[in-house]
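A.B. asks: Residue numbers (my numbering): 595 to 1082.
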Amino acid sequence: RTLEKSLNEIYTFDAETFLFNYSNEGALSNLQYSEEEIKSLTPLDIKPDYTLAAFKKLVRPLLTNEQKKIIFFTTYQRKDKSLYPVEVHLQLVAESHNKRFLAIVLDITDRKKAEERILLSNERFEKVTEATNDAIWDWDISKQTFYRSKAIERFFGENTLKLMDEKDFWKDKFYSEDLTAIQNSLSKALSDPTTDRWEAEYRIINEDGKKVYVIDRGIIIRDQKGTAIRMVGSMTDISEQKHLTIQLSHTNETLQQRTVDLERSNEVLEQFAFVASHDLQEPLRMISSFMDLLQRKYGDQLDDKGLQYIHFATDGAKRMKQIILDLLDYSRATRPTEGKEKVDLAEIISEFKQLRRKVISERHAIITTDQLPIINTYKAAATQIFHCILDNALKYVEAGKQPIVELKIVEHETEWEFAIKDNGIGIEPQFYEKIFIIFQRLHNKDQYTGTGIGLSIAKRHVEFLGGSIWVRSNTGEGTIFYFTIPKI
C-alpha cells in the first residue's frame, strides 16, 4: 500500500518483452497514462532518447548478474509529449522462470532547477571576475556606501577616495556633459527588476585636467522582491581606443573625399575616352574608305607590291579601330551602365554560342557546362567576363585541333567559383600575371589575332564585382581560368 501511494514512480516490466506489468499511482500520475494503456507500453515508449539496442545494452549487466542494481539519469516523456528529468534505480527480480525488472524512478526536476540556479550564479560571478582587470568598485546600495580599488587612482589621481558615501560619489570629476546621462542610465537599470547588468561609456577629468574615456560595467544584485541591493563592477580606460577611432574617422572622411574625387576623375576620363575614340575612328574610316576606292579604281594598274601596300594600310586601320573599341570597353569595365539584377548564366553562355556560331561550327568546338545558376550581379560585367575567357579558349588552340571547353562551378558560402578549362596551347608559369596586363601578348598577330586586351577587361570586371581571377596551365595540354563572383 505504501509503494502504491508513493510519489516516486515504481513499476515492473518483463525481462524479455519489456512490456509493463505493474505501475503504481505515482507512475501513472506522472506519465499521464491509465493502468490499461501503460500495459501495452515498454520503457522505450517513455524514453525517446533510447533505441532498443541501447536499452538492451543498458540492462545486460543485470541479466548476466554482473551487477545487482544500476542507477542512471535520463529523460522521460509523458503522454502529452512533455519531458522531465529522472533518476532511475533498476534491478532484476527473478521468480522461478519469470524474470522482471523493478524500477524506482525519482523525478529530479527540482534538483535540476537548483543546479541551473547554481550555474547561473557561477556565471554571474565569472562575469564580475571578467570585469576586474581595471578599477574594481563595490556599491552597497542598501547602506549607501561605495568602495573602489586602488586602481581608481589611474583614472582620477592619487588623492581619489576609495571609500565614500553615495552622496560623495557624484562629486567626482565626471565630465559635466555626460553626468546627467550616467545618472539616468544607472537609475533606469536599477529600477528595472529584469535588469542584472549595467554598462555605460562616458568621460571623466583626471587631476591633470585631461579628458579620459572610460567604459563602466556592473552586475546588479537583487533581493527576492527584485529590489537592487548591491552592485559590483569595474571601470576600464578606453582612451587609446577612442583616439584611434577618432583618427580612423578622420582618415575615412579623407578617403571618402578622395573616392569622390577619383569618381569624378574617372567620369572625366571615361568621357575623354568616348570622345577620343569617336574622333580617332573618323580618320580611320576615311583611310579605309580611300584605300577601298584606290583599289577599286586603280587596282588593275597596280602591281602586286602596290596591292600589298593597300592591304597593309587597310589591315592597320582595322586593327587600330579594334584597339580603340577595346580601349573604350576597358575604360568602362568598372563603370556599369545598369544596376544589379538576376542574371541567368545559361542565357549568357547561350548568347556566346550564338554570337560565335561560325567559329564553333568551323572548328567543331565543344562547350560543356555544369548546371548554371542565376546570380545577382551586373549583367554586362558578367557577360564580358565569360565571353572574353571563352573567346581565349576557342582562339588559343593548335590549328586543326578540335577545341574542347568545360565550364565548372563550385558554390561556396559567400561566393561562386567558376573554372573554364580548355585544351589549348597552354601558358608557361612565368606569364600567369602578364596575360592580365593590357596589350600584353605572348604571340604575334600572325599566329593569333586580337589586341591582347580581352583578359584585362575580364580581370577589371571580376575585381569590380569584388572577386578574384587566376590561372593554372600546362604547356601543350591546356589552361584553366578560375574566377569568383561574390553572392553579396
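Glycine residues also receive a C-beta, built at the ideal position from the N, C-alpha and C atoms.
#1: Figure out for me which residue from I1063, V937, D759, K706 has the closest Cα to the Cα of Y1026.
#2: If I follow the unbroken beta strand (DSSP E) through N615, where does it start and stop?
#3: Can you grab the Cα-Cα spacing for the pair H683 / Q818, in whole Å?
#4: Do you know how far the Cα of Y972 is from the Cα of L714?
#5: Quick check on DSSP: helix, strand or coil for T739?
#6: Comparing C-alpha positions only, which one of L949, D886, T1008, D897 sits nearest to D909?
#7: Mind listing, in chain order, the continuous alpha helix (DSSP H) runs of no fewer than 4 residues lying wholly within the segment 765 to 822?
#8: Does E603 pass the burial test, meaning 16 or more other C-beta atoms within 10 Å, or should it be called exposed?
#9: Can you tell which of E834, S785, Q851 has the C-alpha that lies nearest to the C-alpha of R824?
#10: Tell me whether D894 is buried or exposed, calling it buried when 16 or more other Cβ atoms sit within 10 Å of its Cβ.
#11: To the nearest angstrom, how far is the alpha carbon of E660 from that of G827?
#12: When you compare only the Cα positions, how much space is there between S1067 and V937?
#13: Give the DSSP-derived three-state secondary structure of L622 in the structure shown.
#14: Measuring only the C-alpha atoms, how far is S770 from K805?
#15: Could you tell me which residues DSSP puts in a beta bridge with F666?
#16: I believe G1061 touches T1078 by the beta-carbon criterion, under 8 Å. Please report the beta-carbon distance rounded to the nearest angstrom.
#17: Terminal residues of the continuous alpha helix (DSSP H) containing E630?
#18: Once the 5 residues before and after A1013 are set aside, which same chain residues still bring their CB inside 6 Å of it?
#19: Alpha carbon to alpha carbon, how far is H1055 from K836?
#20: Around the Cβ of I822, are there at least 16 other Cβ atoms within 10 angstroms (buried) or fewer (exposed)?
#21: Cα-Cα, which of I776, I979, N800, L696 is closest to W1132?
#22: Quick one: residues in its chain with C-beta nearer than 8 Å to the C-beta of L622, no 5 flanking neighbours on either side, listed in chain order?
#23: Express the C-alpha separation of T788 and I698 in angstroms, rounding to a whole number.
#24: Exposed or buried, what is K1015 when buried is set at 16 or more other beta-carbons lying within 10 Å of its beta-carbon?
#25: Which runs of the alpha helix (DSSP H), 4 residues or longer, sit entirely within the segment 1041 to 1081?
#26: Under 8 Å by Cβ, that's how I've got T962 and E1000 pegged, so tell me the actual separation to the nearest angstrom.
#27: Let me know the secondary structure DSSP gives K650 once reduced to three states.
#28: Can you tell me where the alpha helix (DSSP H) holding F1025 begins and where it ends?
#29: What runs of the alpha helix (DSSP H), each 4 residues or longer, lie entirely inside the segment 952 to 994?
#30: Within 10 angstroms of its Cβ, does Q978 collect 16 or more other Cβ (buried), or is it exposed?
#31: What whole-angstrom Cβ distance do G620 and S600 have, given they're in contact under 8 Å?
#32: Please state whether DSSP places E941 in a helix, a strand or coil.
#33: Going by beta-carbon coordinates alone, are K693 and L686 separated by less than 8 Å?
#34: On the three-state DSSP scale, how would you describe L757?
#35: Please state whether the Cβ-Cβ distance between I954 and I998 is less than 8 Å.
#36: State the CB to CB distance for the pair G579 and A987, rounded to an integer number of angstroms; the pair is presumed to be in contact (CB under 8 Å).
C.D. replies: Per the coordinate set shown:
#1: I1063
#2: 614 to 617
#3: 36 Å
#4: 51 Å
#5: strand
#6: D886
#7: 770 to 785
#8: buried
#9: S785
#10: exposed
#11: 55 Å
#12: 29 Å
#13: helix
#14: 11 Å
#15: V682
#16: 4 Å
#17: 629 to 632
#18: K1002, I1074, Y1076
#19: 38 Å
#20: The sequence given here has Ala at residue 822, not Ile. That one is buried.
#21: Only positions 595 to 1082 of the chain appear in the structure, and residue 1132 is not among them; the question remains open.
#22: S628, E629, I632
#23: 40 Å
#24: buried
#25: 1048 to 1058
#26: 5 Å
#27: helix
#28: Segment: none, F1025 is in no alpha helix (DSSP H) and carries neither H nor E.
#29: 973 to 989
#30: buried
#31: 5 Å
#32: helix
#33: yes
#34: strand
#35: no
#36: Since the first residue shown for the chain is 595 and the last is 1082, residue 579 is missing from the structure and cannot be characterised.
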